[in-house]
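Accompanying notes for the structure given below.
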Amino acid sequence: MLISFFCKKGGVGKTTVTGEFAGYLTTMGKKVLVISIDDQNSLFEMFGLSSKVFERDDNYLEHFVADTCTEEDVLIPLRENLYGVKTLNTDMLSKKLTLERSFERNFVGAIMQLQSDFDFVFFDLPPSSNRTTEILLERTDLLMLIVELNKLGVNGFYNTLQYFVDNDLPLEKIRYILPNGYSKTKSVPGVALKELKALIRDNVPEAVLLPLMPDKTIIKSLQQKGVTVFDEDVSKLSAYEKSQKRTVMDIMSDIYDTIEIEF
Ligand SMILES: Nc1ncnc2c1ncn2[C@@H]1O[C@H](COP(=O)(O)OP(=O)(O)OP(=O)(O)O)[C@@H](O)[C@H]1O
Ligand SMILES: [Mg+2]
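With my numbering, the residue at position 66 of the sequence shown is 1102, and numbering never jumps.
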């Protein structure tokens, strides 16, 4: 099964939510792959493994598609039963996919080969729209949008819907919408949530609004330390961080449990 969280706006939590969901599924005994289509490869940072991106320069997704590296080479272990794939240059990849028809076959074939060895494959998509994103959104089985709960975030959500329409991607494909950055004590997220609900009602009424992801500083702190919410090893954390991590773990489990996936 291919899973993507998307939003055309940058910095809304795509990589965070994707990496954590992948980790969550491994706690349920699943074998999971996250393919970073974003050549920033920030996915590896949250697992404390950014060094893996630069360790070798011959095992990017592009090398696997071109058949110059093996599946064993391209898969970078992140955790037990969890692997990542890095991308060298999203723009170049998209250019090649636009100009060469045969390359699209190779690209999709490579993704399918990887998929056959995993229970779930996530695409960590870049915020920009490009041919690579289009091809993968089309093929994604479970598509979710993330919306940052502020004015720009809601605009980003609207732009994303517009992008679907412009690219002949059916809006019905959007199964879930995850509002990120909620806070009870601030007024901005509440106002944005109201606007978001109205936009959902008018444009994608079939989409399910997931439980709210709160704005929690611990999410950033954990990423700085390369520890994820579902990691069992908490030796790098203070007592306060451990308790905050448990709170976020409960919240994220709630969100991820709401998403119906076939096991
Ligand atoms: N609920 C949250 N509470 C606090 N911080 C958050 C939350 N969600 C995400 N962040 C932080 O926001 C920043 C951006 O998150 P992330 O990198 O996941 O977004 P992105 O959509 O993948 O960005 P990009 O468009 O650059 O790929 C990160 O520093 C992350 O730790
Ligand atoms: Mg990202």
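Backbone N, C-alpha and C fix where the C-beta goes; we use that ideal spot for every residue, glycine too.
Fair warning: this is a prediction, and the values are worked out from it, not measured in the lab.
Excluding residues up to 5 positions away in sequence, R1211, Y1212, I1213, T1294 lie with their Cβ nearer than 8 Å to the Cβ of V1244 in the same chain. Around the beta carbon of M1082, 16 or more other beta carbons lie within 10 angstroms, which makes this residue buried. Each residue's CA atom was taken as its position, placing N1203 and E1170 some 8 Å apart. By the criterion of a C-beta distance shorter than 7 Å, D1075 is surrounded in its chain by T1123, L1124, N1125, T1126, once the five residues flanking it on both sides are discounted. Its chain contains I1182, N1216 as the residues whose beta carbon lies nearer than 6 Å to that of G1049, once the 5 sequence neighbours on both sides are disregarded; these appear in chain order. According to the DSSP assignment, S1138 belongs to no beta strand (DSSP E) but to the alpha helix (DSSP H) extending over 1137–1151. In the structure shown, M1180 adopts extended strand secondary structure according to DSSP, grouped into three states. Taking the C-beta atoms as reference points, L1229 is found nearer than 8 Å to L1185.
The beta carbon of Q1198 lies closer than 6 Å to none in the same chain, with the five residues before and after it left out. According to the DSSP assignment, F1041 belongs to the beta strand (DSSP E) that extends over 1038–1042. In its chain, beyond the 5 residues on either side, T1062, K1067 have a beta carbon closer than 6 Å to the beta carbon of N1117. Comparing C-alpha distances from L1135 to each of L1150, L1232, F1299, T1168 shows the shortest one belongs to T1168. If the five residues before and after E1208 are omitted, its C-beta is found closer than 7 Å to the C-beta atoms of E1242, all from its own chain and listed in chain order.
For Y1194, the closest of Y1218, K1220, K1222, K1233 by C-alpha to C-alpha distance is K1233. Looking from the CA of D1109, the closest CA among N1191, N1095, A1146, P1225 belongs to N1095.
Residue range 1167–1175 is occupied by the alpha helix (DSSP H) that includes I1171. Here the alpha carbons of S1223 and L1178 stand approximately 32 Å from one another. Closest by C-alpha distance to E1277, out of T1253, M1288, I1291, is T1253.
DSSP places Y1212 inside the beta strand (DSSP E), whose first and last residues are 1210–1218. For K1222, the distance from the CB to the nearest heavy atom of ligand 1 is not below 7 Å. The Cβ-Cβ distance between V1157 and L1038 falls below 8 Å.
Placement of the Cβ of S1078 at a distance of less than 7 Å from at least one heavy atom of ligand 2 is found. By the CB criterion at 8 Å, L1161 and L1150 fall outside the cutoff. In the DSSP assignment, no residue is bridged to I1291. With a cutoff of 8 Å on beta-carbon distance, T1196 and C1043 are scored as near each other. The DSSP-derived three-state label of V1101 is helix. With respect to the C-alpha of G1226, the residue from P1250, L1205, R1237 having the closest C-alpha is P1250.
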